[in-house]
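Novice: Using this note's numbering, the first residue of the sequence shown is number 8, and each one after it goes up by one. So that we are looking at the same thing, I have put the structure below in C-alpha cells.
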Amino acid sequence: MFNLGRKEQLVIIVIAAILLFTAGYRLASRPSPTVELVGSSSSESTPEEGDLLVHVTGAVEKPGLYKLPPGSRVNDAIERAGALPEADLSGLNLAARLKDEHKLIVPSLAPQTEPNEAMPLVAGSVAVTAPVPAGKPSQKTVANTTGKVNINTAGISELDSLPGIGPALAERIIQYRQANGLFQSPQDLMNVSGIGEKKFADLEQLITVQ
C-alpha cells in the first residue's frame, strides 16, 4: 500500500469530493422524462339534444307526426304541415317554442252566420242551448254541431258564443292559452281571470279540451 502523507490524503479526498459533486450535478441536470397521460379529455362532449316529435292536427293540409330540430317554433310545425285557407292562426302564439310530444291543434275560422239565421243540424247531432242564469235575460245561445266548444282550438268568435263570455273574456282565454299552453282539463278554465266557480258551472257542459 502507498504510504501517503496527511497532505496527499487531503488532496485525494478533495479530488474525490469534486468528482462526486460533478457527477451528481450532471445527473440532476438531466431533463426528467415526459410522461404523456392518455385519457379522456377534460372537456367531455355532451350528446346533442334529440329532435322533437310533434303531432300537428286541425286545419292543416297534412296532419300527422313531424320530426323537428330542437328550438323549433309553432310556426315551423305549421309550415311543415301546411295551413289550410280556413285556418285561424290568430289564437296561436306562432313564436312559442315546441316541446317533445307536443300536440298542436290548428283551429278553423268560425263560419259567419246571420244573427237570426238558424244553424242547420247534421243528422245525429244535438243542438245545445246554453242555460240562462237566474235573474238575467237570455242574451245568446250556443248551437254547435259537435255539441261542445273546444277551448284549446276555439277562436274569439267561438268563445264569445258561450254564455257569459264576451269578447274581452274570450281574448283573456286565448292569452292564457298562449302563455301557459293547452288546457289539460275543462276545470283549468277557472285559472283565467274573470271565470269563477259559478260561471264555470254554466260552461262545464258546453266545453271540452279534446
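Ideal placement from N, C-alpha and C gives every residue a C-beta, glycine not left out. Fair warning: this is a prediction, and the values are worked out from it, not measured in the lab.
Going by alpha carbons, who is nearest to GLY78 out of LEU210, ILE163, LEU60?
Specialist: Taking only the C-alpha atoms, the option nearest GLY78 is LEU60.
Novice: On the DSSP bridge list, what partners appear for VAL61?
Specialist: According to DSSP, VAL61 bridges with TYR73.
Novice: So, helix, strand or coil for ASN198, using DSSP?
Specialist: Correct three-state label for ASN198: helix.
Novice: Less than 8 Å between the C-beta atoms of SER115 and ALA177, yes or no?
Specialist: Their beta carbons are not under 8 Å apart, which means SER115 does not touch ALA177 by this criterion.
Novice: Which term fits THR160, buried or exposed, when burial requires 16 or more other beta carbons within 10 angstroms of its beta carbon?
Specialist: Buried, since its Cβ has 16 or more Cβ neighbours within 10 Å.
Novice: If contact is defined by three or more beta carbon pairs under 8 Å, each pair taking one atom from either stretch, is the region 89-100 in contact with the region 178-188?
Specialist: At 8 Å Cβ cutoff, the stretches touch.
Novice: If you draw a straight line from the alpha carbon of LYS74 to that of ILE202, how long is it in whole angstroms?
Specialist: Between LYS74 and ILE202, the C-alpha separation is close to 37 Å.
Novice: Name the residue from GLY71, ALA30, LEU96 whose alpha carbon lies nearest to the alpha carbon of ALA88.
Specialist: Of the listed residues, the one whose Cα sits closest to ALA88 is GLY71.
Novice: Beta-carbon separation of VAL5 and LEU96 under 8 Å?
Specialist: Outside the displayed span of the chain (8 to 217) sits residue 5, for which this structure offers no information.
Novice: Classify VAL21 as buried or exposed, calling it buried when 16 or more other Cβ atoms lie within 10 Å of its own Cβ.
Specialist: By the neighbour-count rule (16 or more Cβ atoms within 10 Å), VAL21 is not buried but exposed.
Novice: Exposed or buried, what is VAL18 when buried is set at 16 or more other beta-carbons lying within 10 Å of its beta-carbon?
Specialist: Exposed, by the Cβ-count rule.
Novice: Suppose the cutoff is 8 Å on Cβ atoms and the five residues either side in sequence are ignored; what does the same chain contact list for ASP58 look like?
Specialist: Cβ within range, chain order: LYS74, LEU75, PRO76, PRO77.
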